[in-house]
Amino acid sequence: MINSSSDNVKKLNSINRRMFITGSVKFFIMIGLVSRLFFLQVKENKKYLTLSDKNRIREWKLAPVRGEFHDYFGNVIAGNFEAYQLHIIPEQVEDFRYVIYRIKDLLELSDKEFKRIIKKKNEIKSWETLIVSDNLSWKKFSKINNHLYDLNGVKPVISISRNYPFGSNFTHVIGYVSQANEQDIENNEAIKKNFVPGLKIGKVGLEKSFEKQLIGSNDIERYEVNAYGRRISQLEFQKGEKGKSLRLTVDTKVQQLSNELLKDQAGSICVMDIYTGEVIAMHSSPSFDPNLFVFGISQDDWQIIRNDPMKPLVNKTLQGNYSPGSTIKPIVALSALENGIINTNFTVNCRGHKHPLELYGQTYHCWKKQGHGFMNLRNAMKQSCDTYFYEIARKLGVDRLSETAKKFGLGKEVFGNLFNIEKKGLIPSTQWKKNALGQSWVLGETVITGIGQGYIQTTPIQLCLMTAQIANGGYKIYPKIVMDDKNKVSPIDKFTPLYKNSKNIKIVQDAMFASTNEVRGTSYRSRIDDPKYQFAGKTGTAQVKKITERDRELDLKTFQIPYEERDHALYIAYGPYKNPRYAVSILVEHGGNGSTTAAPMAKKLFKTIIDRHQLRESINNKKYLDI
Amino acid sequence: MYQHNRLTTNNFNFFSKLANFDYVLMACILLLGFISLATMYSTDGGKILFHTKSHFTKLIVFTIMMLIFSFINIKFWFSIGYFFYIIIIGLLIWTYLFGIKSSGSQRWIDLYFINLQPSELMKICIILCLAKYFHRMKLENVNSLYAILSSLIIILLPMGLVIVQPDLGTSLLISISGLAVLWFAGINHKYFIYTMIGFLISLPFIISFLKPYQKLRVLTFLNPDRDPLGAGYQIIQSKIAVGSGGIFGKGFLKGTQSYLEFLPEKHTDFIFTLFSEEFGFIGSVFLLLIYAIIIYRIVAIGAQSRSYFAKLFCYSFAASIFVYITINMSMVLGLLPIVGSPLPIMSYGGSSMLATMIGFGIVMSAKVHNQQSIA
Chain A
28 MINSSSDNVK KLNSINRRMF ITGSVKFFIM IGLVSRLFFL QVKENKKYLT LSDKNRIREW
88 KLAPVRGEFH DYFGNVIAGN FEAYQLHIIP EQVEDFRYVI YRIKDLLELS DKEFKRIIKK
148 KNEIKSWETL IVSDNLSWKK FSKINNHLYD LNGVKPVISI SRNYPFGSNF THVIGYVSQA
208 NEQDIENNEA IKKNFVPGLK IGKVGLEKSF EKQLIGSNDI ERYEVNAYGR RISQLEFQKG
268 EKGKSLRLTV DTKVQQLSNE LLKDQAGSIC VMDIYTGEVI AMHSSPSFDP NLFVFGISQD
328 DWQIIRNDPM KPLVNKTLQG NYSPGSTIKP IVALSALENG IINTNFTVNC RGHKHPLELY
388 GQTYHCWKKQ GHGFMNLRNA MKQSCDTYFY EIARKLGVDR LSETAKKFGL GKEVFGNLFN
448 IEKKGLIPST QWKKNALGQS WVLGETVITG IGQGYIQTTP IQLCLMTAQI ANGGYKIYPK
508 IVMDDKNKVS PIDKFTPLYK NSKNIKIVQD AMFASTNEVR GTSYRSRIDD PKYQFAGKTG
568 TAQVKKITER DRELDLKTFQ IPYEERDHAL YIAYGPYKNP RYAVSILVEH GGNGSTTAAP
628 MAKKLFKTII DRHQLRESIN NKKYLDI
Chain B
104 MYQHNRLTTN NFNFFSKLAN FDYVLMACIL LLGFISLATM YSTDGGKILF HTKSHFTKLI
164 VFTIMMLIFS FINIKFWFSI GYFFYIIIIG LLIWTYLFGI KSSGSQRWID LYFINLQPSE
224 LMKICIILCL AKYFHRMKLE NVNSLYAILS SLIIILLPMG LVIVQPDLGT SLLISISGLA
284 VLWFAGINHK YFIYTMIGFL ISLPFIISFL KPYQKLRVLT FLNPDRDPLG AGYQIIQSKI
344 AVGSGGIFGK GFLKGTQSYL EFLPEKHTDF IFTLFSEEFG FIGSVFLLLI YAIIIYRIVA
404 IGAQSRSYFA KLFCYSFAAS IFVYITINMS MVLGLLPIVG SPLPIMSYGG SSMLATMIGF
464 GIVMSAKVHN QQSIA
């Protein structure tokens, strides 16, 4: 018993000692837990609070409202309209199958469209919005609204979308919008920032160039969401800003007229103010309806546009490299005068096809079979005598010619980098040929350059700028198409003279006047006698293929030649002659002959342009008054 | 001597028992029960739904059970020690053979009115059994090979049965409870040190035997960001919840992490996270304080007890409760890898609460009968 009680004492001592050790350990571990809590909840609280907000707050961006395009007079040429859409949130629909078949009947959806919708429904989460239709007609929209009692969970929605009220008229100026793809998002910071699924962005033209200003900013909705992404409650709504609207220099009436003139023909018309460089109209034909692209173009429509032999997708005004033909002659003449090669009395005898110019075994014919006879500069320009220009080009040399041509805006982009599609054209020189082709220049090439054939290539907008700069007395201008582009500083060399002697410009202007307004002038038939509308111009006929001896013998009329082999018809002009203000360049692809196809268009154009001049000025004056 | 007389007689009348009751402990348990109920109400999104109702029922039933247990003489608990152990071992075998399979493990048995998890009961039962085993043993015999081996068998048998379920967390907790008794019974501390060293050396080998999901847990613990939406999700979200609570918490029913369902297992193992998010640092420390008082009271009851069995049981039970709390909290605070271990009373789960309440009942019985000696 004593033994056992002493054992008991030992046991008690042991257990109490160990309890004390355990208690101390427990105490320190408790301290550890509390300090961990302190670390997480007090010291790192901010970090975890942010993380928790990041967890629970989700932003939804809504598509921004795009800025509009206005013409010079403030008419909307690319605006926004309210698109009627139909949305469904699948989880809010009791019987999805019933509702979707009901909608199919009401909207008369094709099986293909129906399948697409079902596929889309299966891809999204049940609380996300399913867009059944993004652009309903009013009739169908109201039909749906009438049946809403039967369509639980279906939401008719009015959304803002791009609209081009003038259809295909401005396509090659402003371009079109369509859904942004991955590349667009990658390449443009503004798109990346404002991107929402279904966002429409500019794909070509000014819509693309001015994306940053047009796009605007998103409305932002902040929602509290749960772990599965379902919205629980709205916390905030932040209104976005509408994109900046741009006023263009173009005149809708003139643009529409250009569209009519080139109807069913391939070609280009541009009209420019010769002092301000404002582009009044810029059209490339054929065009296409940009509205087709807004909600994604259908495969059929796309194939029609893509496979059109007249290539509607090509902007011929900016992208078309064409031989200028005789429209280069004013520059050749000016260059010869400026360099003192000829004077107004210099004469060449044109003796027709029997006695062509011969150089190193090559013959160079004038277009006129019988020949023009003795020609001075004024007559040669008036009747567009090729032999005369062969001769002065030979004397001038290609390098001096190219220098003058480049001065007047040929061989480089007219709008700088405004349109990324714009082509440079080509003004050849001996140096260029050596660099590009590795061959030396041949005299014969100089000769044909003198009538705008051979290597030389220009775009219609370049020809228009060239004409404008001749018409304004030889001063440099910078064409523009957007009015209030404040970022752009006016270049210093604006209105600097491009001539050595202003008399030479006068001589060329006078020769161009003769070409249109005097008997035997190539565009005499398209003249307007009324001094108010009287204009001066130069025709051009650019060969698409080399004229063989056989062709020359056959001497076929235009309509007898296959379309692809017909010459391009060109015409450049400015007016009114007495007090010039506007320059025009016209190109009709495979139009046959400059004087018969292109020049008559200029007549109609000038009537309209000059009639509208007063109106244009008054708008301008009013603007100044406002300030 | 009256007192002597009282000590030798086993006559405790009801009122003297009531007077002997530990009201501090009782108050703490009730307070904890109330807090757990409020938290459960919050996990249900501020509505009285299934979890809250069920938790409430269990709390009431088990608290009454605890009170009844506390009036049963401590001698009775001593006497059923082995029997209880054998019953639970039987249940564990039953579980192994006929248990309910759910999500890859077999931990439950269907008792028709309740689904029971015997491994949870084993946590308390092993303490009872070992305390009885060491009660009569002389101190010099405790470190005999025979005693050590048989006590190890008592621990390893249920451990093995639980590991095969598979439930590594609970089996570890069972072994820790058992080892706590061995420690208090006076097993040479060298053995503990050797075992620890042996364990550390063999750790790499143990890891290579772990199941893939268990390895993943260890890896995730070491770097939760390696798979933030997969295996690391729980621990990251849990830390965010606790950390975003701040000093004063987001307020009752305003814990965004739990309300918006970012928290996993918020009813059970991660209940502390929710509590901590809503009540902040102050609330968490308060909760820890309640646990500390409970543990302190249990230890104090052990110290006051006359019988060695009661002492052994109370100390070991207090140590086990402490370990459960520490492991659970360390786990949700990102200090330990995720092992399934509930927070006593707070976590939803009947078996765990039952086991804890049985423990409290026995402790309370030890308090009420603290002058009772056991031969």
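Read top to bottom, the protein sequences are chains A and B.
First residue of the first sequence: 28, per my numbering; consecutive thereafter.
First residue of the second sequence: 104, per my numbering; consecutive thereafter.
We treat Cβ as the ideally placed atom computed from N, Cα and C, and that holds for glycine.
Query, Result
"If contact means a Cβ-Cβ distance below 8 Å, which residues of the segment 374-401 of chain B contact chain A?", "Ser-379, Gly-383, Phe-384, Ser-387, Val-388, Leu-391, Ala-395, Ile-398"
"Determine whether the beta carbon atoms of Thr-11 (chain A) and Leu-423 (chain A) lie at a separation below 8 Å.", "The requested residue 11 (chain A) does not occur in the structure, where chain A is confined to residues 28 to 654."
"Between Asn-286 (chain A) and the rest of its own chain, which residues show a CB-CB distance below 8 Å, the 5 nearest in sequence each way excluded?", "Ser-195, Asn-196, His-310, Ser-312, Ser-314"
"Give me, in chain order, the residues of the same chain whose beta-carbon lies closer than 7 Å to that of Gln-466 (chain A); leave out the 5 immediate sequence neighbours on both sides.", "Lys-460"
"Within 10 angstroms of its Cβ, does Glu-365 (chain A) collect 16 or more other Cβ (buried), or is it exposed?", "buried"
"Out of A:Glu-150, A:Asp-132, A:Lys-131, A:Leu-113, which has the shortest C-alpha to C-alpha gap to Asn-162 (chain A)?", "A:Leu-113"
"Can you tell me the Cβ-Cβ gap for Ile-454 (chain A) and Thr-276 (chain A), rounded? I've got them flagged as a contact below 8 Å.", "With 8 Å as the limit, Ile-454 (chain A) and Thr-276 (chain A) do not qualify as a contact, their Cβ atoms being about 27 Å apart."
"What residues from the segment 403-419 of chain B come within 9 Å of chain A, judged by C-beta to C-beta, listed N to C?", "Gly-405, Ala-406, Tyr-411, Lys-414, Leu-415, Tyr-418"
"Is the segment 496-504 of chain A touching the segment 518-526 of chain A, taking contact as three or more C-beta pairs under 8 Å?", "yes"
"Going along chain B in order, which residues have a C-beta closer than 8 Å to the C-beta of Ile-56 (chain A)?", "Phe-425, Thr-429"
"What did DSSP end up calling Tyr-126 (chain B) once you bin it into helix, strand or coil?", "helix"
"Taking only beta carbons into account, state which residues of the segment 240-266 of chain A come closer than 8 Å to chain B, listed in chain order.", "Glu-251, Val-252, Asn-253, Ala-254, Tyr-255, Ile-259"
"Compute the beta-carbon to beta-carbon distance between Arg-83 (chain A) and Glu-251 (chain A), rounded to the nearest angstrom, for a pair I have assumed lies under 8 Å.", "5 Å"
"Suppose you measure from the CA of Val-200 (chain A) to the CA of Phe-442 (chain A); what does that come to, to the nearest Å?", "12 Å"
"If you draw a straight line from the C-alpha of Met-104 (chain B) to the C-alpha of Phe-118 (chain B), how long is it?", "Its pLDDT being 36, under 50, Met-104 (chain B) is placed unreliably by the model, and the measurement read from it follows with that caveat. Each residue's Cα considered, the two are about 21 Å apart."
"Thinking Ile-343 (chain B) and Gln-360 (chain B) are a contact (beta carbons under 8 Å), I'd like their distance in whole angstroms, please.", "6 Å"
"Check each candidate in A:Thr-431, A:Glu-472, A:Val-611 and name the one with the smallest Cα separation from Tyr-387 (chain A).", "A:Glu-472"
"Leaving out five residues on either side along the sequence, give the residues of the same chain with a beta carbon under 8 Å from the beta carbon of Thr-390 (chain A).", "Pro-383, Leu-384"
"For Ala-308 (chain A) versus Gln-282 (chain A), is the C-beta spacing smaller than 8 Å?", "yes"
"Quick check: the segment 440-458 of chain B against the segment 121-129 of chain B, are at least 3 beta-carbon pairs closer than 8 Å?", "no"
"So for Phe-401 (chain A), helix, strand or coil by DSSP?", "strand"
"Using beta carbons (cut-off 8 Å, strictly below), is Ser-347 (chain B) in contact with chain A?", "yes"
"Could you check what DSSP says for Thr-566 (chain A) in three-state terms: helix, strand or coil?", "strand"
"For Phe-187 (chain B) and Cys-228 (chain B), I'd like the C-alpha separation in whole angstroms.", "7 Å"
"Hey, could you find the ends of the alpha helix (DSSP H) Asn-107 (chain A) is sitting in?", "Segment 103-115 is the beta strand (DSSP E) holding Asn-107 (chain A); no alpha helix (DSSP H) there."
"Just how far apart, CA to CA, sit Leu-241 (chain A) and Phe-322 (chain A)?", "18 Å"
"Since Thr-635 (chain A) is in the beta strand (DSSP E), which residue starts that stretch and which ends it?", "It is not in any beta strand (DSSP E) - Thr-635 (chain A) instead sits in the alpha helix (DSSP H) that spans 626-638."
"Does the beta-carbon distance from Lys-605 (chain A) to Thr-354 (chain A) come in below 8 Å?", "no"
"Roughly how many angstroms lie between the CA atoms of Lys-150 (chain B) and Phe-312 (chain B), to the nearest whole one?", "44 Å"
"Please name the residue, chosen from A:Phe-47, A:Asn-35, A:Trp-329, that lies closest to Ser-419 (chain B) on a Cα-to-Cα basis.", "A:Phe-47"
"Rounded to whole angstroms, what's the CA-CA distance from Phe-65 (chain A) to Ile-259 (chain A)? Just pull it up for me.", "31 Å"
"So with Cβ pairs under 8 Å, would you call Lys-227 (chain A) a contact of chain B?", "no"
"Please report the distance separating the alpha-carbon of Ser-450 (chain B) from that of Thr-156 (chain A).", "39 Å"
"Which of the three DSSP states, helix, strand or coil, is assigned to Leu-652 (chain A)?", "Note that Leu-652 (chain A) has pLDDT 48, beneath the 50 cutoff, so the model's placement of it is unreliable and the number below is only indicative. Looking at Leu-652 (chain A) - three-state DSSP - the assignment turns out to be helix."
"Looking only at C-alpha atoms, which of A:Asn-620, A:Gln-587, A:Arg-608 sits nearest to Tyr-598 (chain A)?", "A:Asn-620"
"Which two residues bound the contiguous alpha helix (DSSP H) that contains Arg-129 (chain A)?", "123-134"
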